[in-house]
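Remarks on the structure that follows.
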Amino acid sequence: MKFASKVSLRMRITLLAGAILILCSVILTITASYNARSQFVKIKEAPAVSRPLGIIVGPGLVQSEMAPRTSLVPAEVTKAKSDFDSTNMIILAIVSILGMGMVYFVAGRSLRPIHELSDTISTITEDDLQKRIPDNQRSDEVGALGQSFNMMLDRLEKSFLRQKRFSANVAHELKTPLATINAGIQVLHMEESPTVTDYKETLATTERNVKRLMAVVDDLLNLYDEQEGFETTPIHLQDMFTSILSELRPQLEGKQIETEIDCKLRHVRGNQVLLYRTFFNLMENATKYNKDKGTIRVETKVANGVGQIIISDTGNGIPSDELQQIFEPFYRVNKSRNRKTGGVGLGLSLVKTIIEKHGWKISVDSIAGLGSAFTITFKA
């Protein structure tokens, strides 16, 4: 096994094909020799022939006698048999060597595209993920391998871009409040005789930004924790929705938002804590980004074994070209609006992570100026 792992694929194909070729040649040679020997034995075992002889014993008298029996197998036949066997062995060796050489040559040509593929792959680094395997319009296994590798590179490139964007956003979210805190402290140092009011303002600014930093860190930790395993229990949806709306009551009353709950599907199985956080985030967003005197509707239904939870609002909506990006970490449709409401763009990313961890799906429909509807679909 260790030997096979050290030998090139080309050599392994050659040795394997050569072994099969030699085996077939040996079988053919043995068969031919056996048939030839059988014929020689038949000749050797043929009966001797006696020929009559006429002997003159006197004038006009001839005596007939039989000549001695003579063999039809001269020494040349035995020598021919030996030469035949020797010739067979020589031909076997020559054919085997030539056959293995041809296999080695053909295998090399057949494996050349794989070597070219390997050479191209070896030049691709994490900084050069946009490079692709040339499409040679091959319809064989090598072509399929190249296409699969290109698709893998597409996924890797997108993943790396998301990670870079995520890292940049994290750095920005952490840097902004830290810079604000530092600026407040610098201003305080510049004052020759800072008053109590100056200290209070700096302290308030510092406290506000520290809370913001803690919120970002907490959301990042939650986003990571939700990727771990969890336990599931039966959940009463009506009670959960009522509890969430009760917690959001001050914000709802402040914007005079009406709420509607229509639960045709009353129970689901999932993690109580995680799903509470999911629905809370969706309803909190529906409250934050809703219009004054708007409406939030929570509806559950089931049909043909498929359950749905729909949370809709009458807010400003989301542009259609941004619908697929709202679930990315730190992505914000309206940055100024999120700054005003205190969002950092991690809520929906956390929601999607929890939903997918349950094996469910989430989608969003939105019309600018009319509102948005988030639909969670699962097997009931």
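Residues in the sequence shown are numbered from 1244 upward in steps of one, following my numbering.
Backbone N, C-alpha and C define an ideal beta-carbon position, used for all residues, glycine too.
To which residues does DSSP link residue i through a beta bridge?
| i | result |
| --- | --- |
| P1477 | R1512 |
| K1551 | It is Gln, not Lys, that sits at residue 1551 in the sequence shown. Its beta-bridge partners are K1544, T1620. |
| E1501 | T1538 |
| D1556 | I1539 |
| K1407 | According to DSSP, which records beta bridges pairwise, K1407 is partnered with nothing at all. |
| C1506 | T1543 |
Could you give the C-beta distance for residue i and residue j, rounded to a whole number, given that I count them as a contact under 8 Å?
| i | j | result |
| --- | --- | --- |
| F1569 | L1589 | According to the sequence as given, residue 1569 is Ile; it is not Phe. Going by Cβ atoms, the distance from I1569 to L1589 rounds to 12 Å, so no, they are not a contact pair. |
| T1530 | L1495 | 6 Å |
| I1428 | T1445 | 7 Å |
| V1594 | L1525 | 6 Å |
How long is the line joining the alpha carbons of residue i and residue j, rounded to whole angstroms?
| i | j | result |
| --- | --- | --- |
| D1326 | E1384 | 48 Å |
| G1537 | G1497 | 11 Å |
| V1413 | L1421 | 12 Å |
| S1486 | T1475 | 19 Å |
| L1488 | S1606 | 22 Å |
| R1255 | N1393 | 28 Å |
| V1511 | R1492 | 25 Å |
| R1375 | L1396 | 8 Å |
| I1610 | G1386 | 44 Å |
| N1452 | N1533 | 26 Å |
| L1399 | L1372 | 8 Å |
| A1633 | Q1567 | Residue 1633 lies beyond the range of the chain shown here (1244 to 1623); nothing can be said about it. |
| A1623 | G1550 | 5 Å |
| L1341 | A1260 | 12 Å |
| T1313 | M1343 | Reliability of the predicted coordinates at T1313 is poor, the pLDDT of 49 falling under 50, and no value is obtained from them. |
| D1535 | I1500 | 6 Å |
| E1527 | I1553 | 14 Å |
| M1332 | K1324 | 13 Å |
| L1613 | T1557 | 6 Å |
| F1348 | I1263 | 17 Å |
| T1449 | E1369 | 39 Å |
| V1516 | S1353 | 58 Å |
| I1273 | I1357 | 39 Å |
How would you call residue i, buried or exposed, if buried means at least 16 neighbouring beta carbons within 10 angstroms?
| i | result |
| --- | --- |
| D1362 | exposed |
| M1244 | Model confidence at M1244 stands at a pLDDT of 49, short of 50, so the residue's coordinates are unreliable; what they give is reported in the following sentence. Per the 10 Å Cβ criterion, exposed. |
| R1580 | Since pLDDT at R1580 reaches only 48, below the 50 mark, its modelled position is unreliable, and the value read off the structure follows with that caveat. Burial call: exposed. |
| Y1442 | exposed |
| A1350 | buried |
| Y1277 | exposed |
| P1477 | exposed |
| N1514 | buried |
| T1438 | exposed |
| I1270 | exposed |
| L1404 | exposed |
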